[in-house]
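Keeping their order, the protein sequence lines are chains A and B. Whatever position you read off the first sequence (first residue = 1), add 459 for my numbering. Whatever position you read off the second sequence (first residue = 1), add 2 for my numbering. We put the CB at the ideal spot given by N, CA and C, even for glycine. Predicted, not measured: the structure shown is a model, and the values here were computed from it.
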Amino acid sequence: MFGWYRSCAVKWVWVIVLSLLVLAGMAATNLDRLQQLALNRYGTEVARLVGEWRAMLPSAQAPNELDKLERINNFFNRRIRWVEDAVLWQQDDYWASLLETLAKGAGDCEDFAIAKYVSLVLAGVPENKLRLTYVRMQRRPHAEPEAHMILAYYAAPSGEPLILDNFDPDIKPAAQRPDLTPVYAFNATQLWFRGPNPSSSDPTVRISRWRDVLARLQAEHTL
Amino acid sequence: MSLVKRLWIVIGLIILAAVFSAGIINIHSAQHYLENELRVKNLDTATALALTLSQSASDAVTVELLLSSQFDLGHYQRIEYLGPDGRLMAHRERATQPPAVPAWFMQLFPIASEPGTAVIQSGWTQLGSIQLRSDPSFAYDSLWHSALELAELFLLGGLLVGALGMVYIRRVLQPLQRVVEQAEALAERRYLEIPPPRTREFRLIIEAMNRLAHRTKVLLDDEATRLYKLKTEHEVDAHTGFMVGEVFRRNATDEIERESTNPQGLLLLVRIVNLEELNREIGRQQADRLIGLMAQQMRRALQAHTGAHYGRLGAAEFGILLPGQGDSAAVLQQLHASLLQVEHSNLLQLSYAATCYEAHSDLFELLSACEQSMAPADAERLTLPVSGGMQPSHSAREWEQILQVALHKHEFQLALYPVRGRNNSYLHTEAPARLHSSVCGETLVAGAFLPWARRQGLVGQVDLEILAQTLATVERHGHDICINLGYESVCDEGLVQRIIAMMEQSKTQAAQLWFDVGEEIAFEHPQAFACFCERLRPLGCKIGIEHLDHHVGHLARLHGLGLHYIKLSRTLVQDVGHEETAQALLRGLCTIGHTMGLLVIAEGVSQSDDVPLLFELGLDGVTGSAVV
Numbered sequence: 460m461f462g463w464y465r466s467c468a469v470k471w472v473w474v475i476v477l478s479l480l481v482l483a484g485m486a487a488t489n490l491d492r493l494q495q496l497a498l499n500r501y502g503t504e505v506a507r508l509v510g511e512w513r514a515m516l517p518s519a520q521a522p523n524e525l526d527k528l529e530r531i532n533n534f535f536n537r538r539i540r541w542v543e544d545a546v547l548w549q550q551d552d553y554w555a556s557l558l559e560t561l562a563k564g565a566g567d568c569e570d571f572a573i574a575k576y577v578s579l580v581l582a583g584v585p586e587n588k589l590r591l592t593y594v595r596m597q598r599r600p601h602a603e604p605e606a607h608m609i610l611a612y613y614a615a616p617s618g619e620p621l622i623l624d625n626f627d628p629d630i631k632p633a634a635q636r637p638d639l640t641p642v643y644a645f646n647a648t649q650l651w652f653r654g655p656n657p658s659s660s661d662p663t664v665r666i667s668r669w670r671d672v673l674a675r676l677q678a679e680h681t682l
Numbered sequence: 003m004s005l006v007k008r009l010w011i012v013i014g015l016i017i018l019a020a021v022f023s024a025g026i027i028n029i030h031s032a033q034h035y036l037e038n039e040l041r042v043k044n045l046d047t048a049t050a051l052a053l054t055l056s057q058s059a060s061d062a063v064t065v066e067l068l069l070s071s072q073f074d075l076g077h078y079q080r081i082e083y084l085g086p087d088g089r090l091m092a093h094r095e096r097a098t099q100p101p102a103v104p105a106w107f108m109q110l111f112p113i114a115s116e117p118g119t120a121v122i123q124s125g126w127t128q129l130g131s132i133q134l135r136s137d138p139s140f141a142y143d144s145l146w147h148s149a150l151e152l153a154e155l156f157l158l159g160g161l162l163v164g165a166l167g168m169v170y171i172r173r174v175l176q177p178l179q180r181v182v183e184q185a186e187a188l189a190e191r192r193y194l195e196i197p198p199p200r201t202r203e204f205r206l207i208i209e210a211m212n213r214l215a216h217r218t219k220v221l222l223d224d225e226a227t228r229l230y231k232l233k234t235e236h237e238v239d240a241h242t243g244f245m246v247g248e249v250f251r252r253n254a255t256d257e258i259e260r261e262s263t264n265p266q267g268l269l270l271l272v273r274i275v276n277l278e279e280l281n282r283e284i285g286r287q288q289a290d291r292l293i294g295l296m297a298q299q300m301r302r303a304l305q306a307h308t309g310a311h312y313g314r315l316g317a318a319e320f321g322i323l324l325p326g327q328g329d330s331a332a333v334l335q336q337l338h339a340s341l342l343q344v345e346h347s348n349l350l351q352l353s354y355a356a357t358c359y360e361a362h363s364d365l366f367e368l369l370s371a372c373e374q375s376m377a378p379a380d381a382e383r384l385t386l387p388v389s390g391g392m393q394p395s396h397s398a399r400e401w402e403q404i405l406q407v408a409l410h411k412h413e414f415q416l417a418l419y420p421v422r423g424r425n426n427s428y429l430h431t432e433a434p435a436r437l438h439s440s441v442c443g444e445t446l447v448a449g450a451f452l453p454w455a456r457r458q459g460l461v462g463q464v465d466l467e468i469l470a471q472t473l474a475t476v477e478r479h480g481h482d483i484c485i486n487l488g489y490e491s492v493c494d495e496g497l498v499q500r501i502i503a504m505m506e507q508s509k510t511q512a513a514q515l516w517f518d519v520g521e522e523i524a525f526e527h528p529q530a531f532a533c534f535c536e537r538l539r540p541l542g543c544k545i546g547i548e549h550l551d552h553h554v555g556h557l558a559r560l561h562g563l564g565l566h567y568i569k570l571s572r573t574l575v576q577d578v579g580h581e582e583t584a585q586a587l588l589r590g591l592c593t594i595g596h597t598m599g600l601l602v603i604a605e606g607v608s609q610s611d612d613v614p615l616l617f618e619l620g621l622d623g624v625t626g627s628a629v630v
């Protein structure tokens, strides 16, 4: 009886795996489709900006990671304005996807960090070298400290990171940024979000902001 | 295997399949939910732990310490601390107690506990990552218990649905029992019509069988009516509806000689003295009309006397036989008074005569005695003819004594006469009851003592006594024995119950009993008779109609009762040797009887030459003085 059940179950598992593969194919990285989506959703202006972003994006085969960091950091720091979430999204805190940030042409610190992170991953930088890091920022002595997020790049696991920040347009080693105190760091590797399960259908996705934005990135063919 | 059982198995399988698949789906979704919860819990705990470590830990020892405390206090299967290069720096693992869940269940519904991962760092320095996996045994426990609860619920639900299903099937299939009964009745040639049920298929079957039953009944009815016409055409006078002279004499002789009916009674003669003048004065047609009215009035006047025979002995002469009557004066007075009420009765000149008869009286002597005592009557008075008034052989007091003693001392006996089938085979023994009274020293026949028993309310006891005798005789001789049952034994509910009780005590003998029921009882109390047949049939005894004569035309009415035989009266049988009509009648009756599944037996066969002819005509049995 259970043998029968199991063979049936095996059959069903195959059906599910095949359909998931189809779904995954639909959601996989495809920048042409991203651009098409931008055109459909936001119009030619945004599609053009996405085109520019694609032109800027370094090839994954290029060996020089520092160069990649430079280009991507500059692109976003120049083209995206810093605007608070409360103004931009009428929400306390909103983590925008790459396409949303490009569409608005604006974002706050998380949006910058996420856009850079995604772009770097697309440019072939291994994810375990990147950390989205919550930092405590004190721009001037005696001023009120601020909550901020930056993207840290670790060339080696036990070394000092380079900081990609939207307030300071230059990429600097952590030692040269005494105004920043790291609090917590994370990246996408710990979230197994590229598993076979379609993340957007998973109810637990919506609970975490990070997983939420990852799911949106996947849906927009960015990751 | 019965239909109900098969349907039951199907319902059971359906319920089982439904419950099973619902259970599997339910457990699967619970399994998925639990996996998700575990995954989120692992992730959240890993993140929280990593956050704490990132804030406070500066070296591997602190990391390990914090790790230990988290592990020792929490419900984890394994916590790992990996260095920045992915090397395992420290780990805690619990040899998990296998959950109290059967292994097959865990194999069937595995719960994957995916580890949660989070990176830790101190300042800008990476310390590595931690991986954390919760113990899934709680999840297994919970899944197993919810599966058990589900199974209990489904079992209850399944039982409930099964019970409801059973009730429904019973209701739906109820008509099937009736279909089977009807089909079995048809096989026994009982033509039952039953109300069609609502279920379409059953309704079609029952309607078809009803049509068959109805058509057969109509056919039988038509045939019986045709035979009755054939019988009565020659026997009945067209103007009065009385028997023609010859037939009256035959019937009257039969009545007087018959043992089972009252052996005493009255013979009345009524004569229209002035018929010739009447014909001249008012015309023959009017005279015939007047005679018809007279005949009707005579019947009406005497309708209280059951078993009366009416005959037109000549153009102006009428004979009436009243069994069981003794007071000739009262009867004649009543008759005359009633005839005076006929329209134009003043035109009639009537004269009357009456005489008593006893068992073994000769009809022709009686008739000539009457002729001689004929006395005229006018409107004012009736000169009573002088005739030997009946002297009752015993007074009421004597009868009571005779019967009480007979019941007490078991003085009833059975006279045995054989009933033969084809090739002289033995069919059964007819056993009329006799009473050898020690009180008066006489042997009394049933016709003599039964009317007195009836008057004194002892018929029930007498019948039971005779039944007991019969059962004893059956046991002694091993023969099938046939006895006669009177009105009370058939129609009195209490007596029927006692008869059944007595027969149930000796079941083997009961199956060898044949019960003769007179045609008057069967046709004039059809409901009581049907009820009687219904109740006695399960005992295995045989029930039939005896002395069938006047009611042959209604024979088809007996179709649904499950009777076994009919006995044709001697009046139908005795002229078979030389009358074509009698032969045609018997042949027709045999056809009807056989269609209804009845044996047809001829009574009162007195000429041994008639026996082969009767079998040739289709009769199944004969009895009478010529049969030994």
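Checklist entry - Which residues of chain A have a Cβ atom closer than 9 angstroms to the Cβ of Ser56 of chain B, listed in chain order? => result Correct list: Pro641, Val642, Tyr643 and Ala644.
Next on the checklist: Taking the straight line between their C-alpha atoms, what separation do you get for Leu610 of chain A and Leu528 of chain A?
Outcome noted: Distance between the alpha carbons of Leu610 of chain A and Leu528 of chain A: 10 angstroms.
Checklist entry - Under 7 angstroms Cβ-Cβ, which residues of chain B neighbour Pro620 of chain A? => result Taking a Cβ-Cβ threshold of 7 angstroms, the residues of chain B close to Pro620 of chain A are Trp126, in chain order.
Checklist entry - For the 8 angstroms Cβ check, are there 3 or more pairs between the stretch 97–110 of chain B and the stretch 58–68 of chain B? => result The stretch 97–110 of chain B, when compared against the stretch 58–68 of chain B, does not touch it at the 8 angstroms Cβ threshold.
Next on the checklist: Residues of chain B with CB closer than 9 angstroms to the CB of Pro585 of chain A, please, in chain order.
Outcome noted: Within chain B, no residue comes near Pro585 of chain A; the closest Cβ sits about 13 angstroms away, beyond 9 angstroms.
Next on the checklist: Tell me the DSSP secondary structure of Pro198 of chain B in three-state form.
Outcome noted: Three-state DSSP puts Pro198 of chain B in coil, outside helix and strand.
Checklist entry - Using a beta-carbon distance below 8 angstroms, is Val121 of chain B in contact with chain A? => result Interface annotation, Val121 of chain B: in contact with chain A, CB-CB separation under 8 angstroms.
Checklist entry - Is it true that the stretch 73–83 of chain B meets the stretch 132–148 of chain B, where meeting means three or more beta-carbon pairs spaced less than 8 angstroms apart? => result The answer is yes - the stretch 132–148 of chain B touches the stretch 73–83 of chain B, with three or more Cβ pairs under 8 angstroms.
Checklist entry - Three-state secondary structure (DSSP) at Val238 of chain B? => result Residue state, collapsed to three classes: strand.
Checklist entry - Does the beta carbon of Ala678 of chain A come closer than 8 angstroms to any beta carbon on chain B? => result Ala678 of chain A is outside the set of residues whose beta carbon lies under 8 angstroms from a beta carbon in chain B.
Checklist entry - Given a threshold of 16 other Cβ atoms within 10 Å of its Cβ, counted over all protein chains shown, does Asn523 of chain A qualify as buried or as exposed? => result Around the beta carbon of Asn523 of chain A, a 10 Å sphere encloses fewer than 16 other beta carbons of the protein chains shown; the residue is thus reported as exposed.
Checklist entry - Mind checking Ala634 of chain A: buried by the 16 CB within 10 Å criterion, or exposed? => result Exposed: under 16 other Cβ atoms inside 10 Å.
Checklist entry - Taking C-beta to C-beta, are Gly159 of chain B and Gly14 of chain B nearer than 8 angstroms? => result With respect to Gly14 of chain B, Gly159 of chain B sits apart: the two C-beta atoms are not nearer than 8 angstroms.
Next on the checklist: Quick check on Pro177 of chain B - is its C-beta less than 8 angstroms from some C-beta in chain A?
Outcome noted: So, not an interface residue.
Checklist entry - Are the C-beta of Ala633 of chain A and some C-beta of chain B separated by less than 8 angstroms? => result It does; some Cβ of chain B falls within 8 angstroms.
Next on the checklist: Going residue by residue through the stretch 477–551 of chain A, where are the continuous alpha helix (DSSP H) segments of at least 4 residues, counting only ones entirely within it?
Outcome noted: Those alpha helix (DSSP H) runs which fall completely within the stretch 477–551 of chain A and span 4+ residues are 490–501, 503–515, 524–538 and 544–547.
Checklist entry - In chain B, which residues lie with their C-beta within 9 angstroms of the C-beta of Pro426 of chain A? => result The question about residue 426 of chain A has no answer here: the residues shown for chain A are numbered 460 through 682.
Item to check | Those residues which DSSP pairs with Gln133 of chain B across a bridge | outcome: Beta-bridge partners assigned by DSSP to Gln133 of chain B: B:Glu82 and B:Thr119.
Item to check | Leu53 of chain B: contacting residues in chain E (beta-carbon distance under 7 angstroms) | outcome: This model lacks chain E altogether; the protein chains it does include are A and B.
Item to check | Leu621 of chain B versus His527 of chain B: straight-line alpha-carbon distance, rounded | outcome: Distance between the alpha carbons of Leu621 of chain B and His527 of chain B is about 27 angstroms.
Item to check | Where Tyr501 of chain A meets chain B, residues with beta-carbon distance less than 9 angstroms | outcome: For Tyr501 of chain A, there are no C-beta contacts with chain B under 9 angstroms, since the nearest C-beta of that chain is about 33 angstroms from it.
Item to check | Sheet register partners of Lys219 of chain B (DSSP bridge) | outcome: According to DSSP, Lys219 of chain B bridges with nothing at all.
Next on the checklist: Is it buried or exposed, Phe366 of chain B, if we count other Cβ atoms within 10 angstroms and call 16 or more buried?
Outcome noted: By the neighbour-count rule (16 or more Cβ atoms within 10 Å), Phe366 of chain B is not buried but exposed.
Next on the checklist: Measuring straight from C-alpha to C-alpha, what distance separates Leu324 of chain B and Gln585 of chain B?
Outcome noted: Distance between the alpha carbons of Leu324 of chain B and Gln585 of chain B is about 30 angstroms.
Checklist entry - Hey, how far is the Cα of Arg653 of chain A from the Cα of Arg500 of chain A? => result Below a pLDDT of 50, predicted positions are generally treated as unreliable, and Arg653 of chain A, at 43, falls in that range; no measurement from the model is reported.
Checklist entry - If you measure from the beta carbon of Tyr613 of chain A to each beta carbon in chain B, is any gap under 8 angstroms? => result Any Cβ of chain B closer than 8 angstroms to the Cβ of Tyr613 of chain A would place that residue at the interface, and such an atom is present.
Item to check | Distance, Ile485 of chain B Cα to Ile545 of chain B Cα | outcome: About 10 angstroms.
Checklist entry - For the beta strand (DSSP E) that Leu570 of chain B lies in, which residues bound it at each end? => result Tyr567 to Leu570 is the span of the beta strand (DSSP E), which, as asked, contains Leu570 of chain B.
Next on the checklist: According to DSSP, simplified to helix, strand and coil, what is Leu452 of chain B?
Outcome noted: DSSP, read as helix, strand or coil, puts Leu452 of chain B in helix.
Checklist entry - How is the alpha helix (DSSP H) around Ser23 of chain B delimited, first residue to last? => result Where Ser23 of chain B is concerned, the enclosing alpha helix (DSSP H) stretches over Leu5 to Ser58.
Checklist entry - If you draw a straight line from the alpha carbon of Ser556 of chain A to that of Leu589 of chain A, how long is it in whole angstroms? => result In a straight line, the C-alpha of Ser556 of chain A is about 17 angstroms away from that of Leu589 of chain A.
Checklist entry - Among B:Ala306, B:Gly542 and B:Asp577, which one has its Cα closest to the Cα of Gln514 of chain B? => result It is B:Gly542.
Item to check | Own chain residues within Cβ distance below 6 angstroms of Cys493 of chain B, not counting five before or after | outcome: His527 and Ala530, listed in sequence order.
Item to check | Coil, strand or helix - Ile483 of chain B by DSSP | outcome: In the structure shown, Ile483 of chain B sits in a strand (DSSP, three-state: E or B).
Item to check | Start-end ranges of the alpha helix (DSSP H) lying completely within the stretch 541–615 of chain A, minimum 4 residues | outcome: Complete alpha helix (DSSP H) runs here, min 4: 544–547, 557–563 and 568–581.
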